[in-house]
Amino acid sequence: MAKMVGLSRNLKLQWLNKVVELVLEGLPENEIHDQLNDYLSYEISSPTNVRKTREILMYIWAYENQYSAKIKDEALTLIRNYPDYALEIHWCMMLAAYPVFDDMCKLIGKMGEFQDEITLAQLKQKLFDEWGERTTLFHSIDKLVATLKAIDVLSCDKPGKYHITKHKVSNTKISAFMAYTMMLVDDGGYYSLIEVNNSAYMFPFIYKLEKETILEDTRFAMNNFGGEFSISLND
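Using the numbering used here, you'd call the opening residue of the sequence shown number 22 and step up by one each time.
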């Protein structure tokens, strides 16, 4: 069965912050639904687009899936305690919610390792190769790129040409949360410390997971195979 695209509307950081604010208030889903409708209607005129945007926001923060269920409680605690790192925490929740976001981030991250400029044409072709040339994906790519621009991780100097904007993470708890989320959604088993700290999924962020943190965090397991240090997740 084909993977669901889902992300068909562009998002803004203030909209993500709003849904978190409502979730932190402990409101039931129907109340979050109604308040988001009112909130989004000030900026979005189409009722259909309000509904689509609301459902995307709720899928990221209000609804749960196999991944978000494992990180949501910590994400809410972290965003309450460290609001300056809201972008990084939203990013992790978006990775947990939407596989198309995962794949786009991974592609941009890998492309960014070898080239300074990311072109929309390259990105579309690589995503079409991965997902197939679906109408929903064609529409979604533009919305995803618009989201990445709006949250200040991509900048655009010329039409269709983008540069990555980096954000430094200096909080150990945030770095550990990001590393855990990456390993969870990637599900690759074992990782070197270099791989964890330079993951393509986290391409806009400069962060560092230290060995001391890994030792103290029960979510991680350290292994040593043939003299090579590696990290995995505990079950």
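Don't be surprised by glycine CBs; every beta carbon is placed ideally from N, CA and C.
Rank the options by C-alpha distance to the C-alpha of residue i and give the top, closest one.
i: residue 192; options: 230, 236 and 92; result: 230
i: residue 124; options: 152, 107 and 111; result: 152
i: residue 136; options: 102, 182 and 27; result: 182
i: residue 113; options: 131, 129, 91 and 134; result: 91
i: residue 170; options: 158, 187 and 238; result: 187
i: residue 65; options: 255, 32 and 132; result: 32
i: residue 205; options: 240, 233, 178 and 226; result: 240
i: residue 139; options: 147, 146, 104 and 129; result: 129
i: residue 79; options: 238, 162 and 48; result: 48
i: residue 131; options: 185, 250, 42 and 157; result: 185
i: residue 59; options: 36, 46 and 234; result: 36
If we count the other Cβ atoms within 10 Å of its Cβ and call it buried at 16 or more, is residue i buried or exposed?
i: residue 109; result: buried
i: residue 189; result: exposed
i: residue 23; result: At residue 23 the pLDDT is 44, less than 50, meaning the model places this residue with poor confidence; the figure from the coordinates comes in the next sentence. Residue 23 should be labelled exposed.
i: residue 212; result: buried
i: residue 226; result: buried
i: residue 106; result: buried
i: residue 142; result: exposed
i: residue 144; result: buried
i: residue 236; result: exposed
i: residue 161; result: buried
i: residue 122; result: buried
i: residue 158; result: buried
i: residue 45; result: exposed
Beta-carbon of residue i versus every beta-carbon of chain D: anything under 9 Å?
i: residue 198; result: The displayed structure is made up of one protein chain only, and chain D is not part of it.
Going by beta carbon distance, what residues of the same chain come within less than 6 Å of residue i, once the five residues before and after it are set aside?
i: residue 27; result: 119
i: residue 127; result: 221 and 222
i: residue 34; result: 172
i: residue 175; result: 169 and 183
i: residue 238; result: 197
i: residue 166; result: none
Suppose the cutoff is 7 Å on Cβ atoms and the five residues either side in sequence are ignored; what does the same chain contact list for residue i look like?
i: residue 196; result: 190, 228, 229 and 230
i: residue 89; result: 114, 117 and 118
i: residue 210; result: 253
i: residue 20; result: With the chain covering only 22 through 256, there is no way to say anything about residue 20.
Skipping 5 residues on each side, what residues in its chain have a beta carbon closer than 8 Å to that of residue i?
i: residue 30; result: 70, 73, 74, 77 and 164
i: residue 85; result: 93
What does DSSP give as the partner residues of residue i in its beta bridges?
i: residue 212; result: 252
i: residue 241; result: 254
i: residue 140; result: 182
i: residue 272; result: This structure cannot settle anything about residue 272, because the visible part of the chain is limited to 22 through 256.
i: residue 188; result: 226
* Sufficient close CB pairs (3 or more, under 8 Å) joining the segment 211–221 to the segment 90–103 -> Pairwise C-beta distances place the segment 211–221 out of contact with the segment 90–103, as fewer than three of them are shorter than 8 Å.
* the segment 85–96 contacting the segment 198–205, beta-carbon criterion three pairs below 8 Å -> yes
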